[in-house]
Amino acid sequence: MSDDRDQHRASEEGSGYRGVDAPGPEPDTGVPGFGTALTALITGLALALLLSWATALVGASLTAAILLGELGFLVGVVLHLAARGFRVAEAMRLRAVRPAAYPLALQLGLALLLANFAASVLLGPPAQDVRFIAEAESALERAMLLFGVALAAPLIEEALFRGLLQGALERRVHHWLAIGVAGLAFAVLHGPAAAPFFVVWSLPVGWVTWRLASIAPAVVVHAVNNLVGVVGLLAAGVEPRDPAAPGSGVVAVAFAALGFSVIWAVRLCQRLGGLASRSGPFDRHDAETKPGART
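According to this note's numbering, the sequence shown is numbered sequentially starting from 2.
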């Protein structure tokens, strides 16, 4: 069995074939193809929905259902990949980056958080997030909310969408298309109303992940965005209600903040990209998996 698999891999390597119909690990990388990544995500999503449904059935809080759903999503994907013999950390691009990348990622998180706030003023607050926070009444529920949204969700969602899905797509299509598709899948997870914003939000995060071949900066960006946002909403004591229309002065300030955040984010992405160009392992990784992809 092992000899047959080795011969099959060797024949695929010689022919250059990397089709969806051959979802096994690519030679020397252990990285799954798009077909395997998709089935792993479907498996994880099914387990997440099952756990969320079971949690709600027994009368647990919405916060507990969301947290268990996130964990179930990750566990389902990990079990699927492990059962197929893949290196999970490699498949999800769990790699360390240069220390200088982390403070830049922190700043990028603040820049995108500013864009988030400006978009909330212009388009209204995210109703789904407000509902989650409003229903977390006890101290335990709020602690679970902080853990789930600020710590667990950034790691899990970045590993699954920017790590696994985007990484698999990058080996099949142009990196911008891979970033866009992964961003769209990530946005749909957050609800249709907020999807357009999260697609745009995903572009710099996905680009940095592609450039550094690691989700570490993306996790930092995501955690900053979620942590500050949740703490702010908890401190404000928000409740679900129809938001009042902002005045013209507030709209002007929001547009100015949005423009500033975009310029700030672009400059930070350039600096993060510069770190990759000075660190051979990142560029060698992409060169080995998809020659000539960096254009």
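Just so you know, even glycine gets a beta-carbon here, dropped at the ideal spot from N, CA and C.
Annotated three-state conformation of E158 is helix, per DSSP. Looking at the backbone, the Cα of A257 and that of V201 are separated by about 17 Å.
Taking a cut-off of 8 Å for Cβ pairs, the stretch 54-62 and the stretch 80-96 do not touch, as fewer than three such pairs fall below it.
Where M145 is concerned, the enclosing alpha helix (DSSP H) starts and stops at 140-146.
In the three-state DSSP reduction, H176 falls in the helix class (H, G or I). Within the model, the alpha-carbon separation for L46 versus G250 is close to 43 Å. In the three-state DSSP reduction, L235 falls in the helix class (H, G or I). For S121, the enclosing alpha helix (DSSP H) begins and ends at 102-124. Judged by DSSP secondary structure, E71 falls within the alpha helix (DSSP H) whose first and last residues are 63-84. R268 carries a helical assignment under DSSP once its states are collapsed to helix, strand and coil. Under the DSSP assignment, S53 falls in the alpha helix (DSSP H) whose first and last residues are 35-58. A160 places its beta carbon 8 Å or farther from that of L170.
Annotation: the continuous alpha helix (DSSP H) that includes S203 extends over 196-213. Fewer than three beta-carbon pairs drawn from the stretch 56-69 and the stretch 184-201 are found closer than 8 Å, and the two stretches are therefore not classed as touching. Ranking H176, V267, L146 by CA distance to the CA of V232 puts L146 first.
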